[in-house]
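Number of protein chains: 2
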Amino acid sequence: MSRVIRVQLETGKIYEETVPADQILIAGRALTSKLVAEEVEPTCDVFGPSNKLVFAAGLYAGTTVSCGNRISIGGKSPLTGTIKESNAGGNVAHKMGKLGIRAIVLEGLPAEEKLQILHVTKDTVKLVPADDYKEMPVFQSADKLRQQFGEKIAISMIGPTGERKSAASGIANTDNEGRPARYCGRGGLGALMGSKGIKALVLDDNQATGPEIKNQEMLKNVRSSLSKEILQNEALGRFTKYGTAGMVDVTNNLGALPTKNFSRGSFDLAEQINGNKLHEVITQRGGDGNPSHACMPGCVIRCSNVFPNASGKEVVAPLEYETISLMGSNCGIGNLDIIAELNYRCNNLGLDTIDMGGAIAVAMEAGVIEFGDGEGAIKLMEEIEQNTYLGRILASGGVRTGQVLGVRRIPAVKGQIMAAYDPRAVKGLGVTYSTSTMGADHTAGQTVRMPVEHHSPEGQVETSRKAQITNTMHDCIGTCLFVNGAFANHQEWLGEMVTAIHGETCTYEDLQNISKQTLLLEREFNRKAGFSDNDDRLPEFFYTEENPDSGTVFDVPEDEIRKIFDF
Amino acid sequence: MSRVIRVQLETGKIYEETVPADQILIAGRALTSKLVAEEVEPTCDVFGPSNKLVFAAGLYAGTTVSCGNRISIGGKSPLTGTIKESNAGGNVAHKMGKLGIRAIVLEGLPAEEKLQILHVTKDTVKLVPADDYKEMPVFQSADKLRQQFGEKIAISMIGPTGERKSAASGIANTDNEGRPARYCGRGGLGALMGSKGIKALVLDDNQATGPEIKNQEMLKNVRSSLSKEILQNEALGRFTKYGTAGMVDVTNNLGALPTKNFSRGSFDLAEQINGNKLHEVITQRGGDGNPSHACMPGCVIRCSNVFPNASGKEVVAPLEYETISLMGSNCGIGNLDIIAELNYRCNNLGLDTIDMGGAIAVAMEAGVIEFGDGEGAIKLMEEIEQNTYLGRILASGGVRTGQVLGVRRIPAVKGQIMAAYDPRAVKGLGVTYSTSTMGADHTAGQTVRMPVEHHSPEGQVETSRKAQITNTMHDCIGTCLFVNGAFANHQEWLGEMVTAIHGETCTYEDLQNISKQTLLLEREFNRKAGFSDNDDRLPEFFYTEENPDSGTVFDVPEDEIRKIFDF
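Residue numbers (our numbering), protein chains in the order written: chain A, -9 to 557; chain B, -9 to 557.
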């Protein structure tokens, strides 16, 4: 798994490099951030020729290690202006692993405006004209791509909003069954891909034999121990049953469930959108519905789901906590069918549901529609489908929507809308939002399951620091964060699997160090891009407006927060 | 002139302070920036309760010193996030001087949404309900205000876009004849005024006797010498004849006239919009037209003008160089009648013509309308009048318009569109745009008339430094920058007039020091707000895309630029 494919879009030239022997442990986010930090001018125009878009597989890519095939995508973010890595499940990284590809780098800008597809097989890498895909929605495009390139491909692609360079656009990746619904949603990387004129990467691993495993026996043993551990783990069992939606009750009770544009932390209709309700609706409706679905080859947690309509026909897969809160409670919408419909429309347009939930809630605060108006929210999605100016505003994300509409309360850091945890009630996440190299992002340092009093300012910096290092470590390995619990008593497994696959001795310490170096490298990029310690803050209202359901403001001392990267 | 009026909008309480004796030289921009730096949290929500809007008169306010009655308005900018001061001519500062008022400070937010007017007379300062002015255009509002408060008032006010908190909104000030057309345009301070719910300050100096002049004889002598010097000054004579539009030929010849969204530096229709043409059209049409008009009491330069339509009826006053370029050449529009119409509509809506010219050109680059489509540009202004979503996008300024529409080339620094000098062809202004505490702004350090080879990178940092210090000094005194030439051989006059008026010995050195301290204070505010040296840059394309008409890129060495504030 040592191929690095570079696509120079100005000339159309494609060339390949081999990962140097001393860089064999640098994969996933470690690799996207290294390439971006080394090769992209931090102050560049985000849509200019010097920005790059990097797709990188993780260290377990191509194997069936549970939760081990996430795809990392990185560049300078059109949304935040910071360095960015966004990762997702699905089957793209698995096929990259089979093809022996560690990274694909899109460089430069095409000399003339056009749409292309990058088609990768065992033997060839080609740019294919794709103007007939212009403005085509994500699901229709995926079907057409399969007609054109075969059924067994993996796809990483953008929708119409990415082509329009709308900054809330993500990159959709196919799941095990070919649904283009595993999103690298955050940071507007879909807009960056659109600026490069690339509609899709298409990966065909037919006859590919990778990855070459250096110690099959060792891998088999550790992998099997990991799978057993996951299946025995009670907390992970709840993920299997309720998916991430199990979090609704947790945050609602903490007063941390974003409600009506972060004006409250509990939602009176929470029971209509929680994990129990989701499980009940999916199982009662049957049909295409599936409460427990694996997004990646080999995953035994299966926290994903397939949400059907009343007739049992699939609406969206998966329906997850962040979307349920941002497009649900945060918009005052307590109806899973409407949330599922909004989610599907985001997926089909190519949009991040978190920033779009933020945008709709901010538009509600501006009076465009009322809080709780689900039908109105669906009409807003139609505005984007029709590419109206209101649609353009919304698709540019929550911050720009708020700026254009003159809204004061915009729950965002560094241009990116917060995830579904009110930082006044889960203060460790407030620290993560403030300091993450990625802008407000829960996956950058998730503290909600960590042993800390979430309403207290005490210990939150240390908690966020640990979470940021551990989460970044998983991003660098290419593992799903949810599997972390299974390693609690077996941290050595993480390195042992690397050793087994790559033949290079790797310890947990090594992986932690790669994570820390990655964070510091990202932070240095941001510093050169103009960010400073004084940007590491929440919007003022979180310090001054009490969250009525947690009874708290954000009050973690700033001088402590400033030390978070002292490691 | 020692009254400072503070209006606490949450409670409606108004209280007064007296300028301390040791602060008597701190006026104009020195005072707005001092109050903002000391009292506003640099990271505050711009539309939140802790931002403040400060109106400050200069050191000569209330006298008839030529060019000496500019009004400074400051706060944390809704457009740039930096500290902001924007100043204008007109009669507002003169009436403040007559009323003995040095500053008016709007603080906090009203408890409920409403529109009010601050009415100031010799004896009273009152908040007056103004919901009947809601969404009323600027000129109609001014007429209604005169009906309500009398003919002789001075007004500082916002239009509909300021009420909507659109970030390209400025604050209009009445001129000598009561036209609300002298704009503190830049930085979105109109949106900040809108967030405070204040439609207008109304100043009535009936029976006011200020300012108390400490040495009438001395003032009379220096003032009279200054007026003579101005009248004998050949360069200033050209201002009198051609207004600022005389600059069109200068920049067109330098390749520095922004053309079609800063893609060129010369415009093939320049002769249709230059100073000769403007003078010719105004004089030939007659009627209301006036090629040489004074915007402030006492001004003998009279660079302003009144532009009539073909029937001789006034369209706009004044029509100035920055607007002629940004809404003309930069949009490919070579027609003074259309530019005048666009200018009037901006004035009536409450918008900065520079940022709006930038926004229209960026929209043209996005394909909303074609470059050169003057009728289309007028329709875009109608979109704002009708408050459509396209109108909202445009009124939020050039940068946000570009972001929402997915445009790569946005000619701005720190969120603010550049003025009418291509920084590749007038490189001193490139240094000013990059480093100004206010974002891209020509008045922050105008180098075009300074003795330097504009196409060369040599000496530009020193040139911009001198210009920034001198321009800021005039902003602190409250004098028009154009009068600077008249002080070339008589710098001592600037301080002598202060001594004559205030009885406090003041030298040119003192004024230069106040300027330098103000710049450093502003820079420190910005640093606390999250800005760093790495933000002191032009957009990437100015370094990489050659301006075909100057044959240059921007290439002033960054290490030199970083030393500009070492004084």
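C-beta atoms are modelled at their ideal positions from N, C-alpha and C, and glycine is treated no differently.
Between residue i and residue j, what straight-line distance do the alpha-carbon atoms span, to the nearest angstrom?
i, j, result
"residue 414 (chain B)", "residue 53 (chain B)", "41 Å"
"residue 346 (chain A)", "residue 471 (chain B)", "46 Å"
"residue 106 (chain B)", "residue 4 (chain B)", "14 Å"
"residue 275 (chain A)", "residue 327 (chain A)", "12 Å"
"residue 425 (chain A)", "residue 557 (chain B)", "33 Å"
"residue 358 (chain A)", "residue 195 (chain B)", "43 Å"
"residue 221 (chain B)", "residue 213 (chain B)", "12 Å"
"residue 110 (chain A)", "residue 116 (chain A)", "7 Å"
"residue 62 (chain A)", "residue 20 (chain A)", "9 Å"
"residue 219 (chain A)", "residue 291 (chain A)", "11 Å"
"residue 448 (chain B)", "residue 382 (chain A)", "43 Å"
"residue 254 (chain B)", "residue 76 (chain A)", "38 Å"
"residue 402 (chain A)", "residue 56 (chain B)", "48 Å"
"residue 142 (chain A)", "residue 136 (chain A)", "8 Å"
"residue 181 (chain A)", "residue 9 (chain B)", "53 Å"
"residue 163 (chain B)", "residue 376 (chain A)", "41 Å"
"residue 261 (chain A)", "residue 428 (chain B)", "50 Å"
"residue 124 (chain A)", "residue 189 (chain A)", "8 Å"
"residue 301 (chain B)", "residue 270 (chain B)", "15 Å"
"residue 344 (chain B)", "residue 298 (chain A)", "52 Å"
"residue 144 (chain B)", "residue 191 (chain B)", "8 Å"
"residue 173 (chain A)", "residue 159 (chain A)", "10 Å"
"residue 563 (chain A)", "residue 170 (chain A)", "Lying outside -9 to 557, the shown extent of chain A, residue 563 (chain A) is not represented and no answer is given."
"residue 216 (chain B)", "residue 476 (chain B)", "7 Å"
Per DSSP, residue i forms a beta bridge with which residues?
i, result
"residue 297 (chain A)", "A:306"
"residue 174 (chain B)", "B:161"
"residue 147 (chain A)", "A:162, A:190"
"residue 64 (chain A)", "A:44, A:75"
"residue 533 (chain B)", "In DSSP, residue 533 (chain B) forms no bridge with anything."
"residue 5 (chain B)", "B:-4"
"residue 407 (chain A)", "A:402"
Say whether chain B places a C-beta atom closer than 8 Å to the C-beta of residue i.
i, result
"residue 395 (chain A)", "yes"
"residue 524 (chain A)", "yes"
"residue 520 (chain A)", "yes"
"residue 142 (chain A)", "no"
"residue 176 (chain A)", "no"
"residue 527 (chain A)", "yes"
Would you say residue i lies against chain A (beta-carbon separation less than 8 Å)?
i, result
"residue 377 (chain B)", "no"
"residue 383 (chain B)", "yes"
"residue 380 (chain B)", "yes"
"residue 349 (chain B)", "no"
"residue 390 (chain B)", "yes"
Name, please, each residue of chain A whose Cβ falls closer than 8 Å to the Cβ of residue i.
i, result
"residue 530 (chain B)", "31, 33, 34, 35, 38, 40"
"residue 455 (chain B)", "Those do not exist, as residue 455 (chain B) stays about 22 Å from chain A at its closest Cβ, beyond 8 Å."
Given that residue i touches chain A, what residues does it touch there, using C-beta distances under 7 Å?
i, result
"residue 386 (chain B)", "393, 394"
"residue 155 (chain B)", "396"
List the residues of chain A whose Cβ lies closer than 9 Å to the Cβ of residue i, in chain order.
i, result
"residue 181 (chain B)", "396"
Residues of chain B with CB under 8 Å from residue i, in chain order?
i, result
"residue 517 (chain A)", "522, 524"
Could you tell me if the beta carbon of residue i falls within a distance shorter than 7 Å of some heavy atom in the ligand COA?
i, result
"residue 399 (chain A)", "In the structure shown, the ligand COA is absent, as is every other ligand, since no ligand is present at all."
Checklist entry - Would you call the segment 493 to 510 of chain A and the segment -7 to 13 of chain B in contact, with 3 or more CB pairs under 8 Å? => result Judged by pairs of C-beta atoms under 8 Å, the segment 493 to 510 of chain A does not touch the segment -7 to 13 of chain B, as fewer than three such pairs exist.
Checklist entry - Using 8 Å as the Cβ pair cut-off and three pairs as the minimum, do the segment 454 to 469 of chain A and the segment 184 to 198 of chain A touch? => result Too few Cβ pairs lie closer than 8 Å, so no.
Checklist entry - Taking one C-beta from the segment 14 to 33 of chain B and one from the segment 536 to 544 of chain A each time, how about it: are there three or more such pairs within less than 8 Å? => result Verdict: no, contact absent.
Checklist entry - How do the segment 236 to 247 of chain B and the segment 472 to 492 of chain B stand: do at least 3 beta-carbon pairs fall below 8 Å, yes or no? => result The segment 472 to 492 of chain B and the segment 236 to 247 of chain B do not touch, with fewer than three beta-carbon pairs separated by less than 8 Å.
Checklist entry - Between the segment 97 to 105 of chain A and the segment 63 to 70 of chain A, do at least 3 Cβ pairs fall closer than 8 Å? => result In short, these stretches do not touch, since the Cβ pair count stays below three.
Next on the checklist: Contact between the segment 404 to 420 of chain A and the segment 84 to 94 of chain A is defined here as three or more beta-carbon pairs at a separation below 8 Å; is this criterion met?
Outcome noted: They do not touch, by the three-pair rule.
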